[in-house]
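One structure below.
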Amino acid sequence: MINDGERREAQTEKVALVTGASRGVGRGITLGLLAAGFRVYGSGRSIEQADLPREIRRLRCDHLRDEETGAVFETIRSECGSLDLLVNCAWGGYENMVEGGAFTWAAPFWEQPPHRWTGMMDAGVRAAFVCSANAARMMTPRQSGLIINIGFWAAQRHLGNTIYGIAKAATDKMTSDMAVELRPFGIPVISLYPGLVRTESVLAAANSGVFDLSTSESPEFIGRVISALFHDPNLMARTGQVLVAAAVAKEFGVLDIDGTSPPVLTLGDI
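Pasting the structure below:
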């Protein structure tokens, strides 16, 4: 249980929740926001075993279960009283990409296993919708907050999997429509595209020659970008938009953890 002194301290900090924080992009965002001074909550099914600093408040949650999602927000409400930033990064679309020795992730849509729809649409898009609804109920009374949905270029062109494209296009549309309904409350909603991120799975694939990491980003980089967006006093002018993390970084002078400036990729580069 959190004590009164800790609760008062939490109320002076900006409170962020990152879903899907156990690994990959979500874990990197969590680390980036912690370094930027946020009080960070991370949720996920395997969050208790995640390689995260002790300062991260870990909340085990299967975001396929609405009651578990609701419990996450109730915990934040009871411990902090408010939520300033939600980053929807929960995603099951990259699980079980190889089945029975075959790389089924890139199979045509009529040969896709049913679990992949669940992983991308339910554990991804629907989870983001439910989390955003919970966050909005905390943010709208204060007329303050920011919701970030992690998107990708698959929303705009075919990238090897039809369900992937459907899920990412739905994320962008969800962002734009949520932005319309939250605009009267002064709460921006952004769809943010990372580049090639050096996650655990990407590094493993790079060892096999699958990826060229010369233009890649650290997992923490997008967390730095989100912090810059959060502190932008003119962010409402961008609400509902798709933003490319590397482009935002160049605008605000945000560097990666190694001091580099990742290149801005376009649709033609993907």
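The sequence shown lines up with residues 570 to 839 when you count with our numbering. Glycine included, every Cβ here is placed at the ideal spot set by N, Cα and C. All values derive from a computational prediction rather than experimental measurement.
Can you give me the Cβ contacts of residue i inside the same chain, cut-off strictly under 8 Å, excluding the 5 residues immediately before and after it?
| i | result |
| --- | --- |
| Glu617 | Arg627 and Arg629 |
| Glu624 | Leu603 and Val609 |
| Thr599 | Val587, Ala590, Val609, Gly611, Leu621, Ile625 and Gly792 |
Contact defined as beta carbons within less than 8 Å: I believe residue i pairs with residue j. What is the distance between those atoms, to the nearest angstrom?
| i | j | result |
| --- | --- | --- |
| Leu824 | Gly764 | Actually they are not in contact, since the Cβ atoms of Leu824 and Gly764 sit about 14 Å apart, beyond 8 Å. |
| Glu664 | Gly688 | 6 Å |
| Leu836 | Arg726 | 6 Å |
| Val766 | Gly597 | 7 Å |
Ignore the nearest five residues each way along the sequence and tell me which others in residue i's own chain have a CB closer than 6 Å to its CB.
| i | result |
| --- | --- |
| Gly589 | Gly595, Gly613, Cys658, Ala659 and Trp660 |
| Ile826 | Ser787 and Glu789 |
| Gly601 | Glu789, Gly792 and Arg793 |
| Ile839 | Trp722 |
| Gly729 | Ala675 |
| Met708 | Gly714 and Ile756 |
| Phe607 | Lys583 and Ala585 |
| Phe642 | Asn703 |
Quick check on residue i - is its C-beta less than 8 Å from some C-beta in chain C?
| i | result |
| --- | --- |
| Ala585 | In summary, chain C is missing from the structure at hand, where a single protein chain is found. |
Report yes if the C-beta distance between residue i and residue j is below 8 Å; otherwise report no.
| i | j | result |
| --- | --- | --- |
| Phe678 | Ile732 | yes |
| Ala794 | Val817 | The sequence as given places Val at residue 794; Ala does not occur at that position. Closer than 8 Å, so yes. |
| Thr784 | Gly593 | no |
| Asn718 | Ala697 | yes |
| Arg706 | Pro757 | no |
| Gly755 | Thr740 | no |
| Leu761 | Ala815 | no |
| Ala704 | Leu633 | no |
| Ala671 | Ser796 | no |
Quick one: is the Cβ of residue i within less than 7 Å of any heavy atom of the ligand NAD?
| i | result |
| --- | --- |
| Asn657 | In the structure shown, the ligand NAD is absent, as is every other ligand, since no ligand is present at all. |
Among the candidates the options, whose CA atom is the shortest distance from the CA of residue i?
| i | options | result |
| --- | --- | --- |
| Leu715 | Thr687, Thr744 and Val766 | Thr744 |
| Ala585 | Arg634, His632 and Glu648 | Glu648 |
| Phe821 | Val811, Gly597, Glu668 and Leu798 | Leu798 |
| Pro831 | Asp801, His800, Gly809 and Leu782 | Leu782 |
| Ser701 | Arg685, Gly670, Met747 and Gly729 | Met747 |
| Asp631 | Ala692, Arg685 and Ala705 | Ala692 |
| Trp686 | Gly809, Ile735, Glu750 and Lys583 | Ile735 |
| Leu652 | Pro683, Gln712, Ala605 and Leu836 | Gln712 |
| Val749 | Gly650, Phe607 and Met805 | Met805 |
| Val694 | Phe642, Ala724, Val766 and Gly650 | Ala724 |
| Lys737 | Ala640, Lys819, Glu637 and Gly662 | Gly662 |
| Asp801 | Pro683, Thr581, Ile759 and Val699 | Ile759 |
| Arg752 | Gly809, Gly828, Val699 and Phe642 | Gly809 |
Which residues mark the beginning and the end of the beta strand (DSSP E) in which residue i is found?
| i | result |
| --- | --- |
| Tyr762 | Val758 to Tyr762 |
| Ile795 | First-last for Ile795: Pro788 to Phe799, but that is the alpha helix (DSSP H), not the beta strand (DSSP E). |
| Val609 | Arg608 to Gly613 |
| Ala585 | Val584 to Thr588 |
| Val813 | Val811 to Val813 |
| Ile719 | Leu715 to Ile719 |
Quick check on the DSSP output: the alpha helix (DSSP H) that includes residue i runs from which residue to which?
| i | result |
| --- | --- |
| Val749 | Thr731 to Leu751 |
| Ile598 | Gly593 to Ala604 |
Sorted by chain position, which residues of the same chain lie with C-beta nearer than 7 Å to residue i's C-beta, five sequence neighbours on each side aside?
| i | result |
| --- | --- |
| Asp637 | Inspection of the sequence shows that residue 637 is occupied by Glu rather than by Asp. Only Cys630 and Asp631 meet the Cβ criterion. |
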